[in-house]
Structure formats: C-alpha cells, structure tokens
Amino acid sequence: MIRSNILNNQTAAEQFILGVNRMKDPDIMPWPGQANLSMYDFFVLWHHRAMMLSTPPSQRDRNAAHTGPVFLPWPHYMLIMFEFFLRDTLGDQNFRLLYWDWAGDAELPQPFASPLWNDDILGQFTGPDWRVRLEPNPTGSNPQVTNRELRRSIGMSGRLPQRSEVRTLIRDTVVYDLAPYDRSVGGFRNLLEGWVGVGHHNIVHVWIGGDMTVSTSPNDPVFFLHHCNVDRIWAAWQQQHPTSPYLPQQDASDNLLFHRIDDAMHTFFEHGSDITPRMMLDTNTWYQYDTFVDLL
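Each residue of the sequence shown is one higher than the one before, counting from 117 in this note's numbering.
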C-alpha cells in the first residue's frame with residue numbers, strides 16, 4: 117500500500133479527515149477506562165509520556181522519543197499504530213497515512229497560504245468542534261486534562277526547510293548517528309531531527325507554533341502528516357545509503373536505554389514481545405511512499 121502527498125490525493129485527504137474525527141470522538145472510539153477521552157487522546161498521552169522518560173534519568177536532553185537515535189524508529193512505530201486505528205474506524209484496510217511535503221510549501225510566495233490550511237483540509241480542526249483534552253502539566257510528568265480549542269500560529273516564527281536543504285542532507289550525510297548520540301552530533305538522525313544544522317524537523321514544529329511546540333503536539337493532526345514526511349525522508353536516505361547501519365548497536369552503554377538497536381521501545385500496547393528499533397528499519401514492510409524524486 118502507498119502513502120501519498122495529502123495535497124495530491126483529495127479522496128485520501130477526505131478519508132484522513134473523517135478517520136481522525138472518528139478517532140477523536142469518545143463515543144465512536146473511546147479510550148477504555150478513561151471518561152470523555154478517545155483513542156486519539158491516547159496517542160497524545162503516549163507521545164507526552166515518552167518525552168518524559170529521560171535516558172539516563174539523570175539528564176533531560178535525551179528521552180524515549182527524541183534527541184537520540186530512536187527518534188526515527190519510534191515515530192515510525194507510532195505512525196504504524198495510528199494508521200492501524202484509522203483503518204479500523206474507516207473500515208478500509210487499504211487506507212494509508214498521508215504526508216505533508218513542507219519543502220514544497222516552502223517554495224510558495226506565502227507558505228502559510230498553502231491549500232493544506234484551507235477549511236476543507238486542516239482548517240477542519242480549528243474552531244469549537246476540535247477540542248484539546250490533554251496538555252502539559254507544569255507541575256508534573258502527567259498531562260493535565262483541559263477542554264479548549266487547538267492553538268496554532270502558522271508562519272509567525274521561523275521558516276520551512278527548503279528542497280535543496282533536504283536533498284543535501286540525504287545526499288551528503290552517510291552516517292546514521294554518532295556518539296554520544298545526543299543533540300550535539302552531526303549524523304543523519306540529529307540533522308534531520310534538527311538540533312544542529314538547518315533544523316529540519318524541529319523548525320517545522322516551530323513554524324506551525326501553538327500546540328505543535330509542546331510535548332502534547334499530536335493534539336494537532338498536522339503532527340502525523342509532518343512525521344510521515346520525516347519518515348519518508350528517512351526512507352529516501354536508506355535508499356541512498358543502503359549499507360549505512362543503525363547506530364548504536366546493542367553493546368553500547370545502558371545509558372542509551374530505548375535507543376540501542378534491540379532495546380524495547382516505549383509503548384502502551386501489548387504485542388506479546390518487545391518492539392525494537394531493529395524491527396522498524398525496513399520501511400517497506402508495512403507501506404511504500406509514492407515518490408522520492410523530489411528528495412534525491
């Protein structure tokens with residue numbers, strides 16, 4: 117099955133909007149045991165809690181989702197699970213997630229005027245009908261329950277990455293990651309995550325603003341379109357550098373818990389066995405992307 121560009125596939129875009137709205141409705145897809153919360157809210161909590169798991173616990177930079185090698189395998193797994201629930205609520209086993217090609221929008225005279233933000237696509241999730249129910253808690257690791265509208269400040273800060281910058285990243289960065297496997301290094305993972313260099317993944321969050329800038333960022337459905345594009349870039353890099361291995365391997369320090377190739381990644385789902393970065397390295401197992409032409 118093929119993941120495609122949301123702006124090039126109107127039928128799939130309509131299905132995405134329908135599925136997300138169903139997942140968000142506690143009456144249609146309730147989060148078992150949680151009053152007035154949905155399975156969509158479950159994914160918000162999952163992302164937040166992963167970011168609260170520092171590794172090692174003595175420092176706050178690297179966590180179970182970000183600022184380390186698992187940054188690409190863990191969201192890959194999260195997207196697969198989110199896609200599973202979308203297919204379930206749509207009753208369509210052929211449905212696949214869509215990606216937002218933000219480098220394409222960067223070429224527009226006014227990127228914030230992209231059709232993506234029109235009322236018939238992501239504008240569907242602004243206003244009183246889309247409620248944010250979980251947000252960061254300044255006094256604790258668990259999010260606090262709320263009931264408010266989604267917040268965005270599109271284009272108010274930063275910029276979107278350019279096509280040439282993405283191509284350079286894929287072409288010229290041969291090593292997946294480098295010791296000490298944090299936000300200071302120059303490997304592909306950290307350059308794509310955005311702690312050094314252009315800031316690819318990170319500056320997209322900043323450019324959208326609002327709820328996309330905090331640990332509960334999946335509250336904004338654009339989160340999944342954005343990370344699907346990040347995943348596509350990773351898949352294109354793998355095609356460009358097929359012999360470059362995932363790092364670190366399992367003999368690395370246990371200070372890198374969650375990030376070594378055979379470590380159990382953080383999850384709330386029960387699969388009967390651990391889900392590891394190694395299991396996420398073949399991006400063709402569950403889907404393929406429609407094109408890498410714009411990336412290579």
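Beta carbons are placed, not taken as given, at the ideal position from N, Cα and C, and that holds for glycine.
Computed from a predicted model, the values in this text were never measured in an experiment.
Residue i at chain C interface by Cβ criterion, 8 Å
i    : result
H164 : Although the question refers to chain C, the structure presented lacks it and comprises just one protein chain.
Boundaries of the beta strand (DSSP E) in which residue i is found, first to last residue
i    : result
N121 : 118-121
Of the listed residues the options, nearest to residue i (C-alpha basis)
i    : options                : result
N137 : Y156, G149, R119, L123 : Y156
P191 : F374, F408, A129       : F374
A352 : M139, D398, V314       : D398
P142 : V248, V282, N125       : V248
H182 : Y403, A129, F211, L372 : L372
I349 : T262, L412, D370       : L412
D221 : I377, G239, H342, S360 : H342
A368 : G315, E386, D293       : D293
M168 : V301, G135, L206, V330 : V330
I144 : F201, S389, L250, V338 : F201
F339 : V301, P361, H163       : H163
H317 : W218, N124, G149       : W218
H357 : N263, E281, V290       : V290
W233 : D336, T401, T284       : D336
K140 : L206, Q131, S154       : S154
L134 : Q150, W246, P173, L161 : W246
V261 : Q150, F132, D288, Y362 : Q150
L307 : D288, D235, S257       : D288
Q226 : R394, F384, S360, W323 : W323
G207 : Q131, R268, F241       : Q131
P231 : F384, N124, T383       : N124
H382 : P148, W147, G256, L161 : L161
P148 : V314, F384, N400       : F384
Per-residue burial, residue i [other beta carbons within 10 Å of its own, 16 or more giving buried]
i    : result
T392 : buried
P259 : buried
A295 : exposed
Q175 : exposed
Q366 : exposed
P364 : buried
R376 : buried
I286 : buried
T187 : Strictly speaking, residue 187 in this sequence is Phe, with Thr absent from that position. That one is buried.
Q209 : exposed
H387 : exposed
V282 : buried
V312 : exposed
S300 : exposed
Q81  : As shown, the chain starts at 117 and ends at 412. That puts residue 81 outside it, with no answer to give.
F241 : buried
P361 : exposed
P277 : buried
P254 : exposed
T127 : exposed
P334 : buried
G315 : buried
Expected contact under 8 Å - CB spacing of residue i and residue j to nearest Å
i    : j    : result
T171 : P252 : Incorrect: roughly 20 Å between the Cβ atoms, too far for contact.
R119 : Y405 : 5 Å
I270 : F228 : 5 Å
N345 : Y193 : N345 to Y193, Cβ: 17 Å. No contact.
I122 : I237 : 7 Å
D410 : R279 : 7 Å
A166 : N179 : 7 Å
P189 : M396 : 4 Å
S273 : G326 : About 10 Å; that fails the 8 Å criterion.
F159 : F198 : 6 Å
E265 : G243 : 7 Å
D390 : A380 : 4 Å
D298 : G184 : 7 Å
The alpha helix (DSSP H) enclosing residue i, as first and last residue numbers
i    : result
Q354 : 338-356
T262 : Not the alpha helix (DSSP H): T262 falls in the beta strand (DSSP E), residues 260-265.
F159 : 155-168
R279 : 279-288
E386 : Run containing E386: none; DSSP gives neither H nor E here.
L134 : 126-140
Curious, which full-length alpha helix (DSSP H) runs of at least 4 residues does the region 203-249 contain?
-> 218-221
Alpha helix (DSSP H) runs wholly inside the region 291-327, at least 4 long, in chain order = If only complete runs of 4 or more residues are kept, the region 291-327 shows the alpha helix (DSSP H) at 304-309, 316-324, in order along the chain.
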